[in-house]
Amino acid sequence: MSYSTQLSTYIDGWLNTFIEPADQSCDKPILNWNQMPTPPTSEITRSPKRPRYQDAQEEETPRPRARSRYDCVPDDVFKDQAPTGPSFRFALPTRPFSNAPSLPPSSSASGTSRSSSPVKRSTLGLLSKPIHFVAMKRLHLPKHIHKTYDAIFSIVNNIGFIPSGVRQQLEDNDEDVLDQWFFNGEGEDVLKEFTELKEIQAEAAAVQVEEASEGTWNLEVHGPLLKLAFKPFSRLRRKLLTHASISKPFIPSTSESSYYPTTKTKMIDWGISISPPETTAEHISRMINSLPVSQRSINQTVYGPVRNTPVAIPIEIKIASGSLEEARGQLGLWIAAWYTRMNALKSCNEGMIAMPMIIVMEHEWKLLFAVDRGDSIVSATI
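Residues 241 to 622 in the working numbering are what the sequence shown spells out, letter by letter.
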């Protein structure tokens, strides 16, 4: 069975954890995700920014909106100063290219593209289902993804992340190399990908010297890089989500009397979406088209490009002027809204799958897994 066929099978299984065909019951066998095929390793990436746009959430019966007492909040929880503690993490290697350009990912803090009061971890702790960020340990993850975690852990530790077919090119360019970096990979496709990566690297160096905007980084560097990374997988696509605000019905609630302004439901930069098989796509379409306008999406946003295609991996980008705290806040709010949306769709009481997320801080790519603990969500960072 080809890798694409295996991947399609697992994608269908993932979708069916919360979208039940009409003729199926909840008593279905649990998929063995431990056998999920591991995709070929690829080069390391960098990332960008976004313009601000707040999608209008349509109401079933439009009416003038009265000013709410929440529109102006003296003690805005978004302004809470949350303490930031050290977190154990691995930085993906920047080898094999020496003198690689520093790729500033996009910030959410320039001009009018973002609100001046970022989401803090203290806000995430006020949610009805709070989110906690912790250092990654294998025990934090469900057993069915331990095999995937082990493969990622090897790459993070610089083991087998470069195809051997480009080793000669690296040595010819006087790059430092170690035997442990390489895995068996030959052929014209490998050399072509290497050439494309070098071109993106050169473009990144140029826009950095120009002090280009985050939009330029998205257009010239991060967009092409993500497209190249997912080129072998026809059903996976990178989507720019800088305009994808969280729909009001899925904005996560807070505990007790706590609240936050819904205008500050931050957007993320990118999302990796799944194009389901035709029969599953038709089922999704029928299901969401019967819902109110503000809920007509498989995701927690009614933004058109991802209305019918599940976003499997959200990505948040920051440059030097941004902060890890803000990135966590934005991803945390996004994932809390995702859990709210998925719970509304589920026809079974089965627990949620672990949700991968990515934060990019300059050269460091951080992989996180959001894991449902019942009364809270733990986000573990590799």
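Ideal Cβ placement from N, Cα and C applies to all residues, glycine included.
Distance cut-off 7 Å: residue i Cβ against heavy atoms of the ligand PLP
{"i": "LEU418", "result": "The model depicted lacks the ligand PLP and carries no ligand whatsoever."}
Inter-residue CB distance, residue i and residue j (contact presumed, cutoff 8 Å)
{"i": "GLY400", "j": "PHE434", "result": "In fact, because the Cβ distance is near 16 Å, the residues do not count as touching under 8 Å."}
{"i": "HIS380", "j": "VAL618", "result": "6 Å"}
{"i": "SER487", "j": "GLN540", "result": "6 Å"}
{"i": "ILE371", "j": "GLY614", "result": "With 8 Å as the limit, ILE371 and GLY614 do not qualify as a contact, their Cβ atoms being about 13 Å apart."}
{"i": "ILE575", "j": "ALA552", "result": "Contact flag wrong, Cβ pair sits at about 12 Å."}
Rounded straight-line distance, which links the Cα of residue j to that of residue i
{"i": "GLY463", "j": "ARG478", "result": "8 Å"}
{"i": "GLU625", "j": "LYS558", "result": "There is no way to answer for residue 625, as the model of the chain reaches only from 241 to 622."}
{"i": "ALA620", "j": "PRO382", "result": "12 Å"}
{"i": "GLY455", "j": "GLU565", "result": "22 Å"}
{"i": "SER515", "j": "GLN409", "result": "36 Å"}
{"i": "LEU607", "j": "THR363", "result": "22 Å"}
{"i": "SER563", "j": "TRP510", "result": "17 Å"}
{"i": "LEU481", "j": "TRP578", "result": "14 Å"}
{"i": "VAL542", "j": "TRP457", "result": "26 Å"}
{"i": "HIS384", "j": "ASP612", "result": "14 Å"}
{"i": "LEU459", "j": "SER530", "result": "36 Å"}
{"i": "PRO489", "j": "VAL600", "result": "29 Å"}
{"i": "PRO550", "j": "GLU411", "result": "42 Å"}
{"i": "ASP640", "j": "GLU451", "result": "Coverage of the chain is limited to positions 241 through 622, which leaves residue 640 absent and any answer about it impossible."}
{"i": "ILE598", "j": "ARG378", "result": "18 Å"}
{"i": "LEU366", "j": "LYS432", "result": "49 Å"}
Chain D contact for residue i (CB, 8 Å cutoff)
{"i": "THR549", "result": "Checking the listed chains, one finds no chain D in this structure; it contains a single protein chain."}
Spatial neighbours of residue i in its chain, beta-carbon cut-off 7 Å, leaving aside the 5 residues before and after
{"i": "ARG407", "result": "VAL417 and PHE422"}
{"i": "SER525", "result": "ASN548"}
{"i": "GLU443", "result": "GLU460 and VAL461"}
Option nearest residue i by Cα separation, candidates the options
{"i": "LEU466", "options": "ILE491, GLY405 and ILE512", "result": "ILE512"}
{"i": "LEU585", "options": "GLU443, ILE528 and MET595", "result": "ILE528"}
{"i": "VAL430", "options": "ALA567, HIS523 and LYS471", "result": "LYS471"}
{"i": "ASN398", "options": "GLN535, GLN420 and ASN424", "result": "GLN420"}
{"i": "GLU556", "options": "PRO596, PHE490, GLU518 and PRO550", "result": "PRO596"}
{"i": "GLU518", "options": "ARG475, ALA484, ILE440 and SER485", "result": "ARG475"}
{"i": "SER368", "options": "ASN583, MET601, PRO492 and ILE508", "result": "PRO492"}
{"i": "ALA567", "options": "PRO403, ILE508, ALA594 and ILE538", "result": "ILE508"}
{"i": "SER404", "options": "PRO554, ALA442, SER394 and GLY427", "result": "GLY427"}
{"i": "THR249", "options": "VAL449, ASN583, THR520 and GLN448", "result": "THR520"}
Same chain only: Cβ atoms within 6 Å of residue i, ignoring 5 sequence neighbours per side
{"i": "ILE392", "result": "none"}
{"i": "TYR389", "result": "LEU381"}
{"i": "MET535", "result": "Per the sequence shown, residue 535 should be read as Gln rather than Met. So the list reads PRO489, once near-sequence residues are dropped."}
Cβ-based neighbour list, residue i, same chain, cut-off 8 Å, excluding 5 preceding and 5 following
{"i": "ILE440", "result": "VAL461, PRO464, LEU465 and LEU468"}
{"i": "SER616", "result": "LYS369, PRO370, ILE371 and HIS372"}
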